Structures are given as C-alpha cells and as structure tokens.
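Enquirer:
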Amino acid sequence: EGPKNDRILAFSDKDNDGKADKVDIYHEGETHTMSIKSNGKGSTYVATRAEIFRLDDNDNDGIADSKENLITLKTPGKYPHNGLCGLVLTSDHSRLYFGLGENLGKDYEIISYSGQKEVTILKGGGEGGNIYSYSLSDGSLSKIATGFWNPFGICLTKEGEMFAVDNDPDQKPPNRLLKIVPGGDYGYQFRYGRPGTNPLQAWDGELPGTLPMICGTGEAACSVIPYGEHLWVSSWALGQIEEYKLTKKGSNYSATMKTIVKGDASFRPVDFAHAEDGSVFFTDWVNASYQLHGQGKVWKLIPLNGKGKKPEKHKAMVDEISPGKQEAKSLKQINSNRFELASFFWHSKRPGNKTKFLWEALSENSRIALLTAAKWDERKDQEQILKAINGPSKKVQVAAIRIIADENMKQFQEPLEKILGSADPNSQLFKVTESAIKELKK
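In our numbering, the protein residues as written are 1301 to 1742.
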C-alpha cells in the first residue's frame, strides 16, 4: 500500500557515485500526475490529468512552497491516462505546449489562467486528442493541432520544429512519430469509434486534409526528445529506447530506427530528462501492471568517452508565428505541401485575420485544406460545403463530407444519398459517404 496521493521526488547524489543517496519529497497531494518539466530556474511545471500548474521553491529548502494554477480541464472523464499530458517548455520560457488525450470522447472545457484571472475557455468533445499552446506572459491558450489518440510525448528542436509520439487506438499498431504543425489534423476522432477503423478516421493521412506520420514506433510510446541530430523515443510495451534518424522527404520526413537500449519484460521506459553533460535520465515503470507496485526506477544513461550530445535550446514552434496578412496568391507556392497548407489556413482562421478566399480560384489541394480548416471555425460555411459536394473533385467532396458528419449537419443527408447512389462501392468516397449518412441518422 502506497501514499494516499501522488508525490514528486527530488533525488540527490551527494557523493557522486552515480546513485541517489538522498530523496526529498518536493511536492505531494495530487492525483493522476502525468508530466513534469523543470525550467532550470527553480520552477517546475506539472500536468495532472485535470490541471497544469507551476511549483516554486521560494526558500530553497528543496520543497515546493507555492503553487500557481495555469490550466484546468473540466470534464466528466476520469480515466488517468487520457487527459492532460506531454508538457514541453520553450527555452526562453515564453510558451508551454501540452497535449490532451481522447478523454473517452467526453465533453470538456479547458480554461487558461493568468494569475487568478480566467483568460481563455476552449470547448470540445469527441474529436480525439489535441495539442495546445499556452502563453506564459498573458495566459492565452490556442489549440494548434488535433486528430490524436493520446499525444503523450511532445518535443521541440532548436529550429522550432515540433514532434510528437501518439499512442494507437485500442492497441491497433503502429504508434506514430509525427511532425506537428499548427492546423494539423492527424485523422483520429473518438466519436467514430475506439478501434480507429471507421472510414471517417485516418491514421496515416489516408483522408484528404489529414496529415501522415513520419513512421511507426514501438508500442506504448511515451516520450520523445531531440538528442543531437536524432529523436529518441521510449517504448513502454517493447521495453526499449529507440533512436530515429530523420531524412527530409517532401513536406514531411522519413526515418530509420535503431534500438539503443533494450531490456527484458521488467523494463518499461517512460519519460526522459536530458542533462547538461549529455547524459539522459529516464524513468522505468518496471512492472507491466497499472496498479501501484512500488517497483519503479530512475536510470542514468551515460555517454561513452564523454561524447554525449548536450541539450540544445527548445525554440518556440516556428510555424506558430503569424506570417502577417495571408495572401491567396502565395498558395501557389505551397500547393503540393500538405503541412504548409494546413498552417496557412489555420492562420487564416486566427482572430483578426479577415482574409477572404474566392472558391473558384482555389486549387483542389487548397480547397481541401480550406475545408479541413473549418475545424478552427465555430460557424461553418454551408454555402462552401454545398459547392464542395456538388463539385467534380471526389477528394474535395470527402473533405466536405467529413465536416457534415463531424457537425451532424442533417440538412445535407439528401445530397449525400445522391452521392452514395452514384459512387463506386469500392471507392473512398462511397465508404466515407455511407459512414457519414449513418452518423446523420443517429
């Protein structure tokens, strides 16, 4: 039997023999603690399933003595491992990024704070997991990507690129290593079923408007960090740490994997911390049981011959910075880049951006990206949807039908039945339309 609540422990190696000889309770009293990040200046950011807060040790006695709430998740969802998670802090301490799991499809509100003041309230439910960006200066909050199962691990590189690892629906492999961009829709929605096999769901960019993975990873991927020019990923289920060498491939990356640490059935690596000397600390769940067992460990991976890679700065997500006024003419330059199109139209939906797009002047790819970006609009453009489903492009039709199903727009059931009647029964259009009609009839 363990402690009544979660504890955050501070380990010290006073005699430098490589083993912790002092353990202090830095903080205790929380439930379902999922992620911790130190800012290197005495503050620690913590994500539990239902809140994110900052702890400070103001008197330097090794125990946190103040707590400031930053984010609250209000939802009937209670399962420990599919709420708030995946903290990553920029090196300049300007932004904090985090994930939200699929939350079993339950409705939710995420509230951000600056001090005691509520700043942003974002609502959702059923759309799958998301990634958010929180400003540490003014407390504002933005949803920047969607379509995940559980984005447990998120990281930033010195170039300002973001990567994430995403668990798989109901252990239906593979887990995913993903390049994350603002406006990215990565395809999974809980509202269409846990297994992820509904035609209205995608896992590798199969649906128009959704973005593909870089590659699959080991089962139960928990964390990802940049290490030198590579990414390291922990696989809880396979008991290994994986190194990924990325190669640019169009607008995305391809990757080759090498296992750098492998254990037996009692080795379950979870989270990383990259030390200044190039070593890497990581936690080990040890026992496959989710129940409290008290067998967990912390390891230190030491580079041979002192040739480890030192941690580099984590730059804020470069694509999140507004490019200024969105010009439709610049779309021609990025027409074949699915990732840049997603970011372009995400920015076009931001507050204060009043860019208007002439539907008839847009390419097929731009129309798909514009329709997919309807996720970021509270009000959907029904005239635009009608043009899309009546147009000649099957891919554009699919992108529009996804909106109809997501928003349960029953007024479009008759037009969808006409599409179904003329579509090839083996085509994606037929399968997506059939699934959408089933949703509208519920």
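Just so you know, even glycine gets a beta-carbon here, dropped at the ideal spot from N, CA and C.
These figures come from a predicted structure and were not determined experimentally.
Which value, in whole angstroms, describes the spacing of the CA atoms of K1458 and R1395?
Expert: About 14 Å.
Enquirer: Tell me where the beta strand (DSSP E) around D1356 begins and ends.
Expert: That run of the beta strand (DSSP E) goes 1351-1356.
Enquirer: Below 8 Å on the Cβ atoms is my contact criterion, and I expect L1441 with I1410 to pass it. Report the Cβ-Cβ distance as a whole number of Å.
Expert: Indeed they touch by this definition, with Cβ atoms about 7 Å apart.
Enquirer: Can you tell which of W1646, Y1408, K1367, H1332 has its C-alpha closest to the C-alpha of P1380?
Expert: Ranking the options by Cα distance to P1380, first place goes to H1332.
Enquirer: In terms of alpha-carbon separation, which member of K1562, G1578, E1506, L1729 lies closest to E1612?
Expert: Measuring from the Cα of E1612, the nearest candidate turns out to be G1578.
Enquirer: Grab the span of the beta strand (DSSP E) containing R1395 for me, first residue to last.
Expert: It spans 1395-1400 - the beta strand (DSSP E) in which R1395 sits, taken as one unbroken run.
Enquirer: What's the call for T1559, buried or exposed, on a 16-neighbour Cβ count within 10 Å?
Expert: With fewer than 16 other Cβ atoms within 10 Å, it is exposed.
Enquirer: Would you say the stretch 1521-1539 touches the stretch 1497-1512, given that touching needs at least three Cβ pairs under 8 Å?
Expert: Result no; under three Cβ-Cβ pairs closer than 8 Å.
Enquirer: Can you tell me which of the three DSSP states H1593 falls into?
Expert: Coil.
Enquirer: Name, in chain order, the residues that DSSP records as bridge partners for R1476.
Expert: Bridge partners of R1476: D1466, G1516.
Enquirer: Have a look at A1445, K1472, Q1471 and flag the residue whose alpha-carbon is nearest the alpha-carbon of G1487.
Expert: The shortest C-alpha separation from G1487 is found at A1445.
Enquirer: Excluding the 5 residues preceding and the 5 following F1490 in the sequence, name in chain order all residues of the same chain whose CB lies nearer than 6 Å to its CB.
Expert: So the qualifying residues of the chain are E1402, G1405, G1426, G1428.
Enquirer: Could you give the residue range of the beta strand (DSSP E) that holds L1441?
Expert: L1441 -> beta strand (DSSP E) spans 1441-1448.
Enquirer: In terms of residues, what are the limits of the beta strand (DSSP E) holding L1384?
Expert: Here the beta strand (DSSP E) through L1384 covers 1384-1389.
Enquirer: Just to confirm, are K1479 and E1506 a CB contact at a threshold of 8 Å?
Expert: Taking 8 Å as the Cβ cut-off, K1479 and E1506 do not qualify as a contacting pair.
Enquirer: By a C-beta neighbour count over all protein chains shown, 10 Å radius and 16 as the cutoff for buried, is N1605 buried or exposed?
Expert: Its Cβ having fewer than 16 others within 10 Å, N1605 is exposed.
Enquirer: Assign P1725 to buried or exposed, taking buried as 16 or more other Cβ atoms, counted over all protein chains shown, within 10 Å of its Cβ.
Expert: Counting Cβ neighbours within 10 Å, P1725 comes out exposed, since fewer than 16 surround it.
Enquirer: Please report the distance separating the alpha-carbon of E1620 from that of H1393.
Expert: Each residue's alpha carbon lies about 16 Å from the other.
Enquirer: Can we say the stretch 1593-1604 touches the stretch 1366-1383, given the rule of at least three CB pairs closer than 8 Å?
Expert: The stretch 1593-1604, when compared against the stretch 1366-1383, does not touch it at the 8 Å Cβ threshold.
Enquirer: Excluding five sequence neighbours on each side, which residues of the same chain lie with their C-beta closer than 6 Å to the C-beta of I1719?
Expert: For I1719, where only same-chain residues beyond five positions count, the Cβ hits under 6 Å are T1733.
Enquirer: Out of N1635, K1322, L1389, K1423, which one is the CA nearest neighbour of V1346?
Expert: Here the closest residue by C-alpha is L1389.
Enquirer: What did DSSP end up calling S1770 once you bin it into helix, strand or coil?
Expert: Here the chain comprises residues numbered 1301 to 1742, so residue 1770 is not present and cannot be evaluated.
Enquirer: Between the stretch 1629-1638 and the stretch 1648-1666, do three or more beta carbon pairs fall short of 8 Å?
Expert: At 8 Å Cβ cutoff, the stretches touch.
Enquirer: Once the 5 residues before and after K1710 are set aside, which same chain residues still bring their CB inside 7 Å of it?
Expert: For K1710, where only same-chain residues beyond five positions count, the Cβ hits under 7 Å are L1740.
Enquirer: Scan the stretch 1644-1694 and note each continuous alpha helix (DSSP H) run of 4 residues or more that stays entirely inside, going in chain order.
Expert: Runs of the alpha helix (DSSP H) inside the stretch 1644-1694: 1664-1672, 1682-1689.
Enquirer: Look at the Cβ atom of G1386, then the Cβ atom of F1452, and state whether they are nearer than 8 Å.
Expert: Cβ atoms of G1386 and F1452: closer than 8 Å.
Enquirer: Can you give me the start and stop residues for the alpha helix (DSSP H) that Q1713 sits inside?
Expert: 1713-1722 is the span of the alpha helix (DSSP H), which, as asked, contains Q1713.
Enquirer: I need the straight-line Cα distance from F1572 to G1362, nearest angstrom please.
Expert: The alpha-carbon atoms of F1572 and G1362 are separated by roughly 21 Å.
Enquirer: Would you grab the beta carbon distance between F1645 and G1483 for me? Rounded to a whole angstrom, and I think it's under 8 Å.
Expert: Rounded, the Cβ-Cβ distance is 6 Å, consistent with contact.
Enquirer: Going by Cα to Cα distance, which pick from D1706, H1593, Q1728, D1317 is closest to E1678?
Expert: If we check each option's Cα against that of E1678, D1706 comes out closest.
Enquirer: Indicate whether K1548 and T1556 have their beta-carbon atoms separated by less than 8 Å.
Expert: It is not a contact, given that the beta carbons lie outside the stated cut-off.
Enquirer: Can you tell me where the alpha helix (DSSP H) with I1737 in it begins and where it stops?
Expert: From DSSP, the alpha helix (DSSP H) with I1737 extends over 1728-1740.
Enquirer: Distance, Cα to Cα, W1659 vs W1676?
Expert: Cα to Cα, the separation comes out at about 18 Å.
Enquirer: Would you check if the distance between the CB atom of I1431 and the CB atom of Y1408 is smaller than 8 Å?
Expert: Cβ atoms of I1431 and Y1408: not closer than 8 Å.
Enquirer: Since I1541 and S1534 are thought to touch, with beta carbons under 8 Å apart, how far apart are those beta carbons, to the nearest angstrom?
Expert: Confirmed, about 6 Å.
Enquirer: Rounded to the nearest angstrom, what separates H1574 and H1530 at their Cα positions?
Expert: Distance between the alpha carbons of H1574 and H1530 is about 13 Å.
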